[in-house]
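Please read the structure below before turning to the comments.
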Amino acid sequence: MARYMVTSALPYANGPIHAGHLAGAYLPADIFVRYLRLREEDVIYICGTDEHGTPITFRALKEGKSAREIVDRYHENIKTAFARAKISFDYFGRTELPVHYNLSQDFFLKALENGHLVKKVTKQAYCKHDKKFLPDRYVIGTCPYCGAEEQRGDQCEACGRPLTPEILVNPRCNICKNPITFKDSTHYYIKMQDFQEKLSKWVENNEHWKPNVRNTVLGWIEEGLEERAITRDLDWGIPVPLEDEDMKGKVLYVWFEAPIGYISITIEYFKHIGKEDEWKKYWLADYDGQETKVIHFIGKDNVPFHAIFWPAFLMSYGKFRDKNGEFEWLLPYDIPANEYLKLEGKKFSTSRDWAIWVHDFLDEFPADYLRYYLTAIMPETRDSDFNFKDFKARINEELVNILGNFVHRALTFVNRYFDGKVPERGELDELDRQAFEEIEKAFEEVGDLISKYRFKDALKRVMALAAFGNRYFDHQQPWKTAETDKQRTATTVNVSLQIVKALGILIEPFLPDAGEKIWHLLNLEELKKWEFTEIPPGHRVRKAEIPFRKVTDEDIIWFIVTHIARGNPENAWELLRKYYRMDEVIRVTLKKFGIKRKNEAMAILESIYE
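Numbered continuously in the numbering used here, the sequence shown closes out at residue 2010.
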C-alpha cells in the first residue's frame, strides 16, 4: 500500500486568499486528503507561505514597510483563513526559516557541483528612473505569444506561457511606469536542456495525469527547453551561497527555492513532532521499501513550474546521501491542476479588488456553504464562474432542501414515534433492500471519483444518495403508516437513519462541519471510517435540529455592502445592479445597520450610488 505526500501550492505571503485560490489548489487537496484519512491511509498534507520574491517586495514598497513585516502579517492572515475554511493541513509552515535556507542553498550547490548550472553575463531589466535592476514581476508589457497587455515579466496570465522581460513587447517598469533598459548583470542559469529528454519520457509515462495538464506540458517540452536564471538581483531572499564578488547582494530565484519549501516544511513538521528522520520516507525513492506518491495540487498558472522546472531541480541535485545509502528524490506522481475560477464572468483581480476574500465571506456564511458551492462549480477541466444567484440557489435547493431536509425528517420521526431510539426493523421490502444497495454503491462510486480528482461528480453522487433518501421517505409514507402499521414505520425510520449515517461519512471530505453535525445528531462516538456499519436498534439519537439555514437576498446584499463596498464601491455597484433594485439595497442596508449606525450606512450607500 502506497503512502501519500500531498501538497498545495505555497501561497505568496503578500495578501489574503480569495475563493479562486481556494477552489484551485486547497479545497480539492483537502477533499482528497480527508478521504484518504477516512480510508486510514498513510497521508501527510503539507503547505505554507512562500515568503520570498517580488510579490512580497512589491507589496512592501507600496506600503512603506519591510518585507519581513509583510510576510509576518500575511502568514498569520492566510493561516487563519485556511483554518476557518476547514483546510486540514497536517502542518502549515513558511519559507522564511533556517531549515529552508539551508536546504535551498544545498540544492543550488549540488546542481552546481553536478555541472547543471552555468554563470552568464546577460542583459537584465533596469530602470534608470528608479536606479535599480528590476525582477521579472517589476516589468510589465505585452505578451509576444497571445498579445495580452499589462502582463508581468515572468508569466502571461492570459495564455499561461512563461515569459522573460527581454521578450515582452513594450516593456515598462511596474513601479514608475517608465520604459526600461537592459544592463549587464551576472547570474547563474540552470541548463534545462540537460533534462529535456528525461522530462519528456517522464511526462509521457504519466498517463494518469489530467489530459489538459499532460498535453500542455508535453507541448512546452517539445518546443525545446532553454537555460533559465535561478538567481536574482534582489535584497530580500535566500543569499546565493558562494564567496563570489559577482554574486554579492544576489539571491536565489524564488521559483528555484519555493518548491523546495515542500520538503523543508515537511522536515520542519517531523522535527516539530519529534521524528526528525521520518521526512525521508516521504521524499526519497525506496527509502524504506514502501512506495510514496507525491501529489501537488495547484492552479493552472503553476503547471510549468511544477511539471517542468521543479522536476528538473530535483534531477539536478543528484542522489541524496545519508547513513542508510544513496537515494533519488521522488518526482511528482501527479499534478492535478485546476483551471481558473471567475467572479460573475470576469477573472479574479487582486489589484482591482474583484474577488471574494475568504475571510470576508466566512464572516457572513458558514465554511460549509463556501466549500459546497466551490466544489459544485470547481474548475476541474475548464474555467468556472462564481455567481451569487447560483450560490443562493445551490445552497437552498440542494444543501438545505435535499440533504438538510432528509436528515431533519429522519431525526424528527425517530423522536416523535420512537422516543429517540433507533427502532428494530421488520421484514425488508424491495425499496428497503434498494436503500442498502444505494449506500454500498455510493461508498464505492464516491471513493472512485475522489481518487480520480473528480470532486464535482463525487459531491453530486453524495447528494444523489440524499435525494434517494427523500424519495424513499416519501414513498414509504411513515406519517400514514404510523397510525396503521407500527412495524412498517419502524422499518422506514430505521432504514432512513442508516442512510443518514452513511451521508454523515460520505459528506465529511466535502463538508466537515456537516459531517460532524450529522454525527452529533446521531449521537455517535465511533471513529468515522470509509465504510458502512449499521446503527444498532435501541441506540438513542439526539433531538432533531435543522442542519442548514437558507441563504436570503438580504444575506447577499449585506455581504456585498459591508465587505465588497468597503474595498471597492464600484465593484459593489456592479454586483448589486445585476440582481437588486437600488431601493431594495437601501432598505436592507438601513434595516441591518439600524438607527444608531444610520450615518455609517448612508456613507456606504453614497459611495456605491454616487
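Beta carbons: idealized from backbone N, C-alpha and C, even for Gly.
All values derive from a computational prediction rather than experimental measurement.
Residue i to residue j span [Cα, whole Å]
i, j, result
"E1645", "E1676", "36 Å"
"I1695", "T1407", "6 Å"
"T1989", "L1975", "15 Å"
"R1537", "I1575", "10 Å"
"V1814", "E1798", "23 Å"
"L1367", "Q1551", "The first residue shown for the chain is 1401 and the last is 2010, placing residue 1367 beyond what the model contains."
"D1594", "G1515", "10 Å"
"I1660", "L1497", "12 Å"
"F1482", "T1892", "40 Å"
"A1413", "E1469", "10 Å"
"A1867", "T1812", "18 Å"
"R1434", "Q1555", "33 Å"
"D1857", "K1880", "36 Å"
"K1929", "K1901", "11 Å"
"K1693", "G1718", "19 Å"
"I1964", "N1787", "15 Å"
"D1760", "P1579", "38 Å"
"F1720", "L1924", "47 Å"
"F1697", "S1751", "25 Å"
"E1845", "Y1669", "34 Å"
"Y1872", "I1431", "28 Å"
Three-state class that DSSP yields for residue i in the structure shown
i, result
"T1564", "coil"
"D1953", "helix"
"V1703", "helix"
"F1670", "helix"
"W1655", "helix"
"M1778", "coil"
"K1929", "coil"
"F1720", "strand"
"L1975", "helix"
"A1629", "strand"
"Y1589", "strand"
"Q1876", "helix"
"D1819", "coil"
"Q1690", "coil"
"T1616", "helix"
"S1466", "coil"
"E1726", "strand"
"R1966", "helix"
Residue closest to residue i, alpha-carbon to alpha-carbon, out of the options
i, options, result
"H1875", "K1856, E1830 and G1453", "E1830"
"R1908", "A1402, A1413, A1423 and L1427", "Inspection of the sequence shows that residue 1908 is occupied by Glu rather than by Arg. Ranking A1402, A1413, A1423 and L1427 by Cα distance to E1908 puts L1427 first."
"R1966", "F1508, M2002, D1701 and E1984", "M2002"
"L1922", "R1809, S1851 and Y1404", "R1809"
"L1634", "H1920, K1929, I1456 and D1819", "I1456"
"E1840", "F1855, V1900, E1931 and V1758", "E1931"
"Y2022", "V1800, N1894 and L1774", "In this structure the chain extends from 1401 to 2010, so residue 2022 is not present and cannot be described."
"F1713", "D1506, L2005 and D1953", "D1506"
"L1684", "I1621, L1512, L1770 and I1667", "I1667"
"M1778", "V1640, L1803, I1802 and I1850", "I1850"
"D1953", "I1540, N1796 and V1539", "N1796"
"H1421", "K1917, F1748 and P1639", "F1748"
"V1807", "I1756, Y1769 and A1944", "A1944"
"I1663", "K1610, E1623, P1732 and G1624", "P1732"
"I1946", "D1734, G1804 and R1854", "G1804"
"I1638", "D1753, T1454 and F1432", "T1454"
"N1612", "T1933, T1781 and I1431", "T1781"
Residue burial classification, residue i (beta-carbon count within 10 angstroms, cutoff 16)
i, result
"D1955", "buried"
"C1546", "exposed"
"S1466", "exposed"
"A1793", "exposed"
"R1997", "exposed"
"D1686", "exposed"
"H1529", "exposed"
"T1884", "exposed"
"I1673", "exposed"
"H1920", "exposed"
"T1775", "buried"
"G1493", "buried"
"H1608", "exposed"
"R1942", "exposed"
"Q1887", "exposed"
Using a Cβ distance threshold of 8 Å, determine whether the segment 1765 to 1772 contacts the segment 1727 to 1746, with at least three qualifying pairs required. The answer is no - the segment 1727 to 1746 does not touch the segment 1765 to 1772, with fewer than three Cβ pairs under 8 Å.
For the structure I just gave you, are there three or more beta carbon pairs, one from the segment 1595 to 1606 and one from the segment 1707 to 1724, closer than 8 Å? Judged by Cβ distances under 8 Å, the segment 1595 to 1606 makes contact with the segment 1707 to 1724, as three or more pairs qualify.
Contact the segment 1926 to 1938 vs the segment 1824 to 1842: 3+ CB pairs below 8 Å: Counting C-beta pairs with one atom in each stretch, the segment 1926 to 1938 and the segment 1824 to 1842 have three or more that are closer than 8 Å, which means they touch.
Between the segment 1721 to 1732 and the segment 1472 to 1484, can you find at least three pairs of beta-carbon atoms closer than 8 Å? Contact between the segment 1472 to 1484 and the segment 1721 to 1732 is absent, because fewer than three Cβ pairs lie under 8 Å.
Check whether the segment 1622 to 1638 touches the segment 1651 to 1666, counting contact only when three or more Cβ pairs, one atom from each stretch, lie closer than 8 Å. At 8 Å Cβ cutoff, the stretches touch.
Inter-stretch contact (C-beta, 8 Å, three-pair minimum) for the segment 1616 to 1629 and the segment 1688 to 1704: Pairwise C-beta distances place the segment 1616 to 1629 in contact with the segment 1688 to 1704, as three or more of them are shorter than 8 Å.
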